[in-house]
């Protein structure tokens, strides 16, 4: 299964020229914790999260309508592609301490944002399914089992 | 294993009379996404999260130093006790759509705050351990296995 299936759709993004207020509004509207800034080609230039709001804005006294999100986003992003496995995506997030990872196509265009929560939930579903399969196989093998 | 072992320690809390700025500062200092408001007896009166900062403050124009967290916290909390299982805690979080659950002792005093992320990670560890046990048992049972 592609990691894109684990991303909330449609993808939460704003133009690179957006204000922090516009980026926050997208997070609120989509009920997500991160939004990507994309350039004119749809390629991710940065990511801005609810954690950034807490760390960089909440106590700053700045008006989010008056400041550009490009000044507060995280640039130089790690990104995943359609070939990235859930395990690789998880390792990247653990290494960087980020909770979100943009997913791009072969041209670098943003397709989705993977959250560590969706990834953890998918891992649980996968492990549970493996356990269920083994239990079914064992009960079929058991003498006199029905 | 008690769910208290899954909580970040020490617990992030502020007095019920704190400002939003003080609550935000505790979240930043402890690197957590939620803080409990406690009364004079140490009992949780509410919870305030980074999502609340995004939803209630970020676009409000309010100064967090000038507003009391009791006005913006979520009161009437679901709470877990030492007897609550991880499964019950998870169900409570899914039902309420909250990502954090205070854990209290028999007197109702706050002991910790359980996050859904820690809970998901613990579930993965548990399932992985179950799978490993089965694989070990099967390889021991296998004819000619070593």
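Chains as they are written, first to last, in the working numbering: chain A, 4 to 149; chain B, 4 to 149.
We treat Cβ as the ideally placed atom computed from N, Cα and C, and that holds for glycine.
If the cut is a Cβ gap below 7 Å, which residues of chain B does residue 56 of chain A touch?
Sequence index remark: in the first chain, residue 56 of chain A carries index 53 (1-based). Under the 7 Å cutoff, chain B gives 56, 57, 61.
Measure from the alpha carbon of residue 91 of chain B to the alpha carbon of each residue in B:122, B:144, B:67, then state which is nearest.
Start at 1 with the first residue of the second chain, and residue 91 of chain B comes out as number 88. Among B:122, B:144, B:67, the Cα nearest to that of residue 91 of chain B is on B:122.
For residue 107 of chain A, I'd like the list of residues in its chain whose CB is within less than 8 Å of its CB, leaving aside the five on either flank, ordered along the chain.
Position 104 of the first chain, counting from 1, holds the residue named residue 107 of chain A. Around residue 107 of chain A: 46, 47, 82, 83, 84, 113, 114.
From the beta carbon of residue 94 of chain A, is the nearest beta carbon of chain B less than 8 Å away?
Here residue 94 of chain A is taken as the residue at index 91 of the first chain, counted from 1. No, residue 94 of chain A does not count as interfacial toward chain B.
Report the residues of the stretch 111 to 143 of chain B with a CB closer than 8 Å to any CB of chain A, ordered along the chain.
Cβ contacts with chain A: 119, 120, 123, 124, 126, 127, 130, 131, 133, 134, 137.
Please check if any C-beta of chain B sits within less than 8 Å of the C-beta of residue 27 of chain A.
Taking the first residue of the first chain as 1, we reach residue 27 of chain A at position 24. Closer than 8 Å to some Cβ of chain B, the Cβ of residue 27 of chain A qualifies, so yes.
What separation, rounded to the nearest whole angstrom, lies between the Cα atoms of residue 69 of chain B and residue 59 of chain B?
Here residue 69 of chain B refers to the residue found at position 66 when the second chain is read from its first residue. Here residue 59 of chain B refers to the residue found at position 56 when the second chain is read from its first residue. Whole-angstrom Cα-Cα distance: 14 Å.
Taking only beta-carbon atoms, is residue 53 of chain A less than 8 Å away from chain B?
Your numbering for residue 53 of chain A matches position 50 in the first chain. Closer than 8 Å to some Cβ of chain B, the Cβ of residue 53 of chain A qualifies, so yes.
Can you tell which of B:12, B:25, B:30 has the C-alpha that lies nearest to the C-alpha of residue 73 of chain B?
Taking the second chain and counting its residues from 1, the one referred to as residue 73 of chain B is at position 70. For the residues B:12, B:25, B:30, the minimum Cα distance to residue 73 of chain B belongs to B:25.
Which stretch, first to last residue, makes up the alpha helix (DSSP H) that contains residue 139 of chain B?
Here the question's residue 139 of chain B lines up with position 136 in the second chain. It spans 119 to 144 - the alpha helix (DSSP H) in which residue 139 of chain B sits, taken as one unbroken run.
Using a Cβ-Cβ distance cut-off of 8 Å, determine whether residue 30 of chain A contacts chain B.
For the purposes of this step, residue 30 of chain A is identified with residue 27 of the first chain, where counting begins at 1. So yes, residue 30 of chain A belongs to the interface.
Are residue 130 of chain A and residue 9 of chain A touching if we call contact CB-CB under 8 Å?
The residue given as residue 130 of chain A occupies position 127 in the first chain. The residue given as residue 9 of chain A occupies position 6 in the first chain. Not in contact: residue 130 of chain A and residue 9 of chain A (Cβ atoms no closer than 8 Å).
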